[in-house]
Amino acid sequence: MAKVIIDTANHIAGYGAKAARVQVVPAYPITPQTTIVEKIAEFVEKGEMDAEYIRVESEHSAMVACIGAAAAGVRAFTATSAHGLALMHEALHWASGSRLPIVMAVVNRAMGPGWNIWPDFSDSLSQRDTGWIQFYCADNQEVFDTIIQAYKLCENEEVFLPAMVCLEGFILSHTYMPVKIPDQREIDDFLPPYNSGWILDVDRPYSHANLVSPDFYMEFRYMIQEAMESAKQLIPRIDKEYGERFGFEYGGLIEKYQCEDADLVLVTMGTMGSEAKITVDNLRRDGLKVGSARVRVYRPFPREEIQKLAEQVQMIATIDRHISFGMEGFLATEIQASLYNRGDLPLVAGFIAGLGGRDVTFKTIEKIAKKSLKWMREGGVEKITEWVDLKE
Amino acid sequence: MVTIKELPQEEYLLKGHAACAGCGPSIALRLLFKALGKNVILVVPACCTSIIQGPYPYTSIGVPLQNILFESTAAAASGIVAALQQKKLEGVTVVGWAGDGGTVDIGIQALSGAAERETDFIYICYDNEAYGNTGMQRSGATPYGAWTTTTPTGKRERKKNMPFIMAAHRIPYVATACPSYPIDFVNKLKKAKEIRGTKYIHILAPCPTGWRYTTEKTVELGKLAVQTGLWALYEIEYGKFKLNSPSDRLVDKAKRKPVKEYLALQGRFRNLTEEDIAKIQKWVDEDWERYRKLASNYLL
Amino acid sequence: MVAVHKSRKDMPLTPLSSPTLGSMGKTGYWRTFRPEVDYSKCTRCTLCWIYCPDAAIERREDDSPKIDYDYCKGCGICANECPVKAITMHREEE
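Residue numbers (my numbering), protein chains in the order written: chain A, 5 to 396; chain B, 5 to 304; chain C, 47 to 140.
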């Protein structure tokens with residue numbers, strides 16, 4: 005029987021791992037992720053979840069143990085944040101290059117120094133090029149649903165890549181919301197047992213990942229790129245199928261809201277997408293044609309969807325909870341890169357907001373929208389990158 | 005107790021591999037398979053064995069092998085062991101096979117964690133006393149006085165005592181070995197396979213390329229390391245220390261060859277002064293005083 | 047070495063390498079000195095077999111060594127360890 009529970013996104017992520025019948029969980033604490041692995045420890049110790057729980061001595065080992073477990077033929081899950089994710093960096097490359105369908109919850113937190121435990125996307129976006137699929141969630145229900153969807157996607161033979169399910173610290177991680185947990189049999193029906201492209205097997209011995217010369221290396225990289233393209237095709241289909249079965253659907257790669265007739269579209273990720281919807285409603289009441297597009301999947305990047313969106317609008321304003329030092333926010337960069345060479349382009353303005361947990365409410369987004377609309381009417385952006393609410 | 009002739013003839017380190025001529029670790033790797041057979045999953049970090057396998061799409065290793073990040077052998081093994089337990093797959097031995105740099109330096113954290121968690125696997129450090137694969141740089145296992153490319157006038161510090169560090173984890177089995185004593189090594193592996201928990205075996209594996217001696221002397225140098233007492237063959241089983249043959253006959257200093265006989269054969273020790281050699285001899289003698297005490301019923 | 051995987055389609059999704067004799071080719075070419083066995087002296091102790099780093103010595107039915115010159119790298123451990131000096135090293139001709 006499906007049931008509704010009221011809990012934090014972190015605990016819900018634990019429920020997601022349990023519902024996905026994860027078999028090995030290497031775990032290491034870090035704020036604000038910790039309550040995910042605590043919840044799973046509780047499930048395992050109570051016998052509610054049949055999984056091996058490895059209390060590893062670092063996040064680096066957590067990811068490598070996931071690699072070992074997935075290579076030996078079981079479904080692996082872990083969770084981390086910020087510096088823990090940064091410590092995993094080389095292992096992230098190893099996981100994707102090994103084409104292992106590991107799923108990891110990343111509870112987004114700013115990078116130090118100084119120590120800051122509050123949310124921004126600088127941790128996961130710094131891992132952009134590691135070959136991981138990246139989902140960004142806007143509420144607790146989406147956290148649960150995306151973990152299930154992520155395994156379904158990653159274990160598809162056209163993909164065989166790992167995925168991060170990202171959720172912002174505290175805004176989601178420690179915030180209670182009602183979440184519908186579907187019936188386990190129905191989840192099992194949607195998500196069959198673990199499937200991977202290869203396995204460590206004494207009856208079919210291979211050496212995995214030994215020396216690869218320039219003669220072959222590029223082809224292996226190309227295959228990862230192909231898998232990302234396949235993921236881009238599959239994500240909307242899986243999201244739709246999930247929606248038909250369980251009632252929740254997220255627009256595939258991008259969740260669009262009031263974009264059809266919009267002059268200005270606000271492009272965001274994560275919970276800023278939820279706030280942006282409120283902004284849109286408020287501004288629409290004032291007769292302003294504003295829409296919101298929440299990038300739900302950042303890798304593979306929804307280039308074609310952005311291109312389609314650009315054809316309808318006069319202006320795109322990106323809100324990045326992140327800064328690529330020396331350039332701008334990644335959303336701003338990638339959206340402009342997606343549009344270049346296409347002619348008749350909308351204006352694009354990039355806003356940096358909410359770093360290190362500074363609040364980004366619908367009011368903040370309203371300021372961004374109004375400034376963008378002004379620039380739109382004037383026919384040019386005053387600043388390519390605008391830092392929002394920055395002290396003078 | 006097996007004899008050499010009784011060891012199986014099947015080879016899982018295949019001919020035409022990429023090791024240097026006279027490679028000590030390769031002898032040990034052959035022996036590993038002779039002791040454990042083919043139901044082994046090998047976990048190998050960056051080390052000489054990454055190269056010994058040969059390049060994709062070929063490998064010289066006849067069992068499943070997971071190459072993994074330098075510092076991560078024991079973490080990968082932990083994941084594999086957990087997966088096998090989850091699948092209730094028995095009869096497969098997970099073996100970490102790492103060099104000294106990957107064990108005593110960059111890999112010590114993951115190894116210490118896996119040991120503390122009582123992970124059911126065998127970890128073998130094949131110690132050629134330097135970062136061999138990168139061209140002989142100093143490691144925590146490089147002995148005092150040895151030339152390496154990063155200690156061109158000789159290392160100033162002593163070798164880390166990794167077996168004792170592992171024994172301090174209270175794991176059920178710690179042993180030292182040397183491929184010059186194949187039966188001793190094979191017996192230790194067979195024993196380790198039957199024990200549940202973390203088993204650690206540290207092999208002194210002479211390396212002609214790095215130690216600067218001619219290739220035919222690999223086995224001879226391993227024997228000299230043992231006969232001089234610089235390398236002692238022992239086991240620490242559930243905390244109980246025991247010297248193994250022939251080290252058990254070397255407690256009396258008169259039975260041990262002078263360390264100079266071992267040092268003089270190697271180019272890496274060419275810069276040692278008589279004073280250095282005397283110092284090394286003194287340290288060896290002190291080590292043996294400790295072995296003597298430990299062997300007479302002192303628990304470690 | 048044989049050229050393999052002319053097409054990307056023949057490649058696995060990640061580097062999975064198959065156990066192969068001569069992963070580095072016929073390593074006998076590396077050899078400078080060649081071990082020769084004097085079978086009249088050999089005592090069939092098999093020490094040369096167990097100490098060969100290259101697995102290039104096989105045991106014949108009578109336990110005497112059969113050196114595989116295709117792969118023997120000529121390190122000389124077998125000659126050095128032979129207790130009766132039944133194996134001797136000889137410089138390879140140019």
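Ideal placement from N, C-alpha and C gives every residue a C-beta, glycine not left out.
The model shown is predicted, which means the values in this text are computed figures rather than measured ones.
Step through the CB atoms of chain A and report whether any lies within less than 8 Å of the CB of residue i.
i                  : result
Trp-172 of chain B : Rather than Trp, the amino acid found at residue 172 of chain B in this sequence is Ala. No, its Cβ sits nowhere closer than 8 Å to a Cβ of chain A.
Met-47 of chain C  : In this prediction, Met-47 of chain C scores a pLDDT of 41, lower than 50, which makes its location untrustworthy; the coordinate-derived value is nonetheless stated afterwards. No - not a single Cβ of chain A is within 8 Å of the one on Met-47 of chain C.
Ile-175 of chain B : no
Leu-88 of chain B  : yes
His-51 of chain C  : yes
Gly-83 of chain B  : yes
Gly-201 of chain B : no
How would you list, in chain order, the residues of chain A whose beta-carbon sits under 8 Å from the beta-carbon of residue i?
i                 : result
Arg-54 of chain C : Glu-223, Tyr-226 and Met-227
Looking at residue i: is its Cβ nearer than 8 Å to the Cβ of residue j?
i                  : j                  : result
Ala-24 of chain A  : Met-67 of chain A  : no
Ala-357 of chain A : Val-364 of chain A : yes
Ala-81 of chain B  : Ala-118 of chain B : yes
Val-163 of chain A : Leu-171 of chain A : no
Leu-67 of chain C  : Leu-18 of chain B  : yes
Met-103 of chain A : Pro-36 of chain A  : The question names Met, yet the displayed sequence has Arg at residue 103 of chain A. For Arg-103 of chain A and Pro-36 of chain A, no; Cβs fall outside 8 Å.
Pro-111 of chain C : Ile-123 of chain C : no
Ile-282 of chain A : Phe-366 of chain A : yes
Ile-9 of chain A   : His-87 of chain A  : no
Met-331 of chain A : Leu-351 of chain A : no
Thr-219 of chain B : Pro-210 of chain B : no
Ile-240 of chain B : Leu-215 of chain A : no
Ala-22 of chain B  : Ala-78 of chain B  : no
Leu-247 of chain B : Leu-237 of chain B : yes
Could you tell me whether the Cβ of residue i comes closer than 8 Å to any Cβ of chain C?
i                  : result
Val-183 of chain A : no
Ser-211 of chain A : yes
Arg-294 of chain B : no
Gly-77 of chain A  : no
Gly-158 of chain B : no
Phe-125 of chain A : no
Arg-253 of chain B : no
Ala-22 of chain B  : yes
Please confirm if residue i has its CB atom under 8 Å from at least one CB of chain B.
i                  : result
Leu-398 of chain A : The first residue shown for chain A is 5 and the last is 396, placing residue 398 of chain A beyond what the model contains.
Cys-158 of chain A : no
Arg-59 of chain A  : yes
Cys-70 of chain A  : yes
Glu-95 of chain A  : This sequence places Ala at residue 95 of chain A; Glu is not what is there. Closer than 8 Å: yes.
Tyr-75 of chain C  : no
Val-28 of chain A  : yes
Val-130 of chain C : no
Arg-62 of chain A  : Note that residue 62 of chain A corresponds to Ser in the displayed sequence, not to Arg. Yes, contact with chain B.
Can you name the residues of chain B whose CB is closer than 8 Å to the CB of residue i?
i                  : result
Trp-409 of chain A : This structure does not reach residue 409 of chain A, given that chain A is present from 5 up to 396, and the question cannot be answered.
List the residues of chain C whose Cβ lies closer than 8 Å to the Cβ of residue i, in chain order.
i                  : result
Ser-102 of chain A : Thr-60
Phe-220 of chain A : His-51, Met-57 and Pro-61
Gln-13 of chain B  : Glu-104 and Arg-105
Residue i versus chain C: which residues are under 7 Å apart at the beta carbon?
i                  : result
Cys-211 of chain B : Under the 7 Å cutoff, chain C gives no residues; its nearest Cβ is about 11 Å from Cys-211 of chain B.
Lys-9 of chain B   : Thr-92 and Asp-109
Phe-164 of chain A : Leu-59
Since residue i meets chain C, which of its residues come closer than 9 Å, beta carbon to beta carbon?
i                  : result
Glu-223 of chain B : The residue asked about is misnamed: residue 223 of chain B is Val in this sequence, not Glu. Result: Leu-93, Tyr-97, Ile-123, Asn-126 and Glu-127.
Below 7 Å on C-beta distance, what does residue i contact in chain B?
i                  : result
Lys-119 of chain C : Ala-25
For residue i, go through chain B and note every residue whose CB falls closer than 9 Å to its CB, in chain order.
i                 : result
His-15 of chain A : Correct list: empty, because the minimum Cβ distance to chain B is about 23 Å.
Since residue i meets chain A, which of its residues come closer than 7 Å, beta carbon to beta carbon?
i                 : result
Val-96 of chain B : Val-206
* **the stretch 206-216 of chain A contacting the stretch 59-79 of chain B, beta-carbon criterion three pairs below 8 Å** => yes
* **Contact the stretch 183-190 of chain A vs the stretch 99-110 of chain A: 3+ CB pairs below 8 Å** => no
* Quick one, which residues of the stretch 43-74 of chain B are near chain C if we go by CB-CB under 8 Å, in chain order? -> Gln-57, Gly-58, Pro-59, Tyr-60, Pro-61, Tyr-62, Thr-63, Ser-64, Ile-65 and Gly-66
* Asked: In the stretch 55-71 of chain C, which residues sit with their C-beta less than 8 Å from some C-beta in chain A, listed in chain order?
  -> Met-57, Pro-58, Leu-59, Thr-60, Pro-61, Leu-62, Ser-63, Ser-64 and Pro-65
* **the stretch 126-137 of chain A contacting the stretch 52-60 of chain A, beta-carbon criterion three pairs below 8 Å** => Short answer: they don't touch.
* Asked: Mind listing which residues of the stretch 79-92 of chain A have their C-beta closer than 8 Å to chain B's C-betas, in chain order?
  -> Ala-80
* chain B contacts made by the stretch 178-207 of chain A, where a contact means CB separation under 8 Å -> Leu-204, Asp-205 and Val-206
* Asked: So, do the stretch 147-161 of chain A and the stretch 239-255 of chain A have three or more beta carbon pairs nearer to each other than 8 Å?
  -> yes
* Using a Cβ-Cβ cut-off of less than 9 Å, give me the residues of the stretch 83-113 of chain C that come near chain B, in sequence order. => Hits within the stretch, in order: Arg-90, Cys-91, Thr-92, Leu-93, Trp-95, Ile-96, Tyr-97, Cys-98, Pro-99, Asp-100, Ala-101, Ala-102, Glu-104, Arg-105 and Asp-109.
* Cβ pair count under 8 Å reaching 3, the stretch 179-188 of chain B against the stretch 86-106 of chain B -> No, the stretch 179-188 of chain B is not in contact with the stretch 86-106 of chain B.
* Relative to chain A, which residues along the stretch 121-136 of chain B have a C-beta separation below 8 Å, given in chain order? -> Arg-121
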